[in-house]
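Worksheet: the structure to be examined is printed underneath.
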Amino acid sequence: MQKVILYYKFVPISDPEAVRLWQRSLCEKLDLKGRILISDQGINGTLGGELKSLKAYAKETKTFAAFKDMLFKWSDGQGEDFPKLVVKIRPEIVTFQAADELQVDEKGVVGGGKRLKPLDVQKLVAERDDVVFFDSRNKHEAAVGRFKNAVVPDVEHTRDFKRELAKPKYNELKDKPVVTYCTGGIRCEVLSMLMKKRGFKRSISLMAVS
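Counting along the sequence shown from 1, when you hit position 14 you're at 17 in the working numbering, and nothing is skipped either side.
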């Protein structure tokens with residue numbers, strides 16, 4: 004049975020090259036393909052393969068202390084979901100071009116918004132009528148589906164967000180509760196941090212929406 008897993012973890016990694024070599028060797032042994040990005044700030048991966056192999060991969064990866072509580076999201080695969088295996092070291096595991104601003108510790112992103120679960124969001128919306136949903140994806144992804152009345156920034160790529168946030172049109176949001184959201188959790192987590200650094204006082208993060 005073919006499956007696909009998606010995962011990420013913001014955590015300090017003292018030796019990214021050692022982690023890269025270990026991850027490549029593990030994936031080759033299990034005949035897994037996909038992409039894994041590693042930096043000194045964490046890991047971000049998408050892999051496809053046989054269910055048994057992916058379970059073995061997840062189990063082995065979680066033996067590394069920094070990844071012991073990492074969550075894996077599972078979906079059905081189609082067989083040849085990925086043409087090859089790519090395991091690389093990058094300055095960032097998601098490209099906001101903000102490596103100089105992003106700090107992580109054992110709990111994740113430092114200075115980011117409070118992490119919310121769906122029930123927390125429902126409670127927040129029920130209690131307040133000024134909640135703003137802010138899409139952390141590009142405008143093409145947002146066109147496929149988004150929260151009702153969500154703010155959709157005019158960005159083609161993740162790296163465009165820093166430029167976009169500097170526009171005066173967002174100033175009126177800076178004192179409101181702003182919920183950032185995305186598809187997998189990783190982008191909204193970083194974006195909430197960038198927004199708080201730019202004066203969005205109540206930026207918070209909904210970890211994932213699908």
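Glycine included, C-beta positions come from ideal geometry on N, C-alpha and C. Note that the structure is predicted; figures quoted are calculated from it, not measured.
| Check | Outcome |
| --- | --- |
| Residues of its chain near asparagine 152, where Cβ-Cβ distance is below 8 Å and the 5 sequence neighbours each way are ignored | Phe136 |
| Contact under 8 Å by Cβ, glycine 51 with leucine 35 | yes |
| Of the listed residues Asp43, Ile207 and Gln26, nearest to proline 127 (C-alpha basis) | The sequence as given places leucine at residue 127; proline does not occur at that position. The candidate whose alpha carbon is nearest that of leucine 127 is Ile207. |
| Helix, strand or coil at serine 17 [DSSP, three-state] | coil |
| For leucine 122, the first and last residue of its enclosing alpha helix (DSSP H) | 121-130 |
| Strand pairing of tyrosine 10, partner residues [DSSP] | Gly48 and Phe75 |
| Pairwise C-alpha distance: threonine 49 and valine 7 | 7 Å |
| Extent of the continuous beta strand (DSSP E) run through valine 155 | Segment: none, valine 155 is in no beta strand (DSSP E) and carries neither H nor E. |
| Cβ-based burial, glutamine 125 [other Cβ within 10 Å; buried from 16] | exposed |
| 8 Å Cβ cutoff met for serine 17 and leucine 33 | no |
| Residues that tyrosine 184 bridges to, as DSSP identifies them | Asp138 |
| CB-CB length for threonine 98 against serine 139, believed under 8 Å | That belief does not hold up - the Cβ atoms of threonine 98 and serine 139 are roughly 13 Å apart, past 8 Å. |
| Buried or exposed by the 16-neighbour rule on C-beta atoms within 10 Å, applied to glycine 114 | exposed |
| C-alpha gap between proline 19 and glutamate 95, whole angstroms | 12 Å |
| Contact belief for arginine 162 with glutamine 100 at Cβ below 8 Å, rounded distance in angstroms | 5 Å |
| Residue environment, valine 147, which counts as buried when at least 16 other CB atoms sit within 10 Å | exposed |
| Simplified DSSP state of glutamate 53, which is helix, strand or coil | strand |
| Under the three-state DSSP convention, the category lysine 36 falls into | strand |
| Neighbourhood of lysine 177 by C-beta, 7 Å cutoff - its chain only, sequence neighbours within 5 removed | Gly202, Phe203 and Lys204 |
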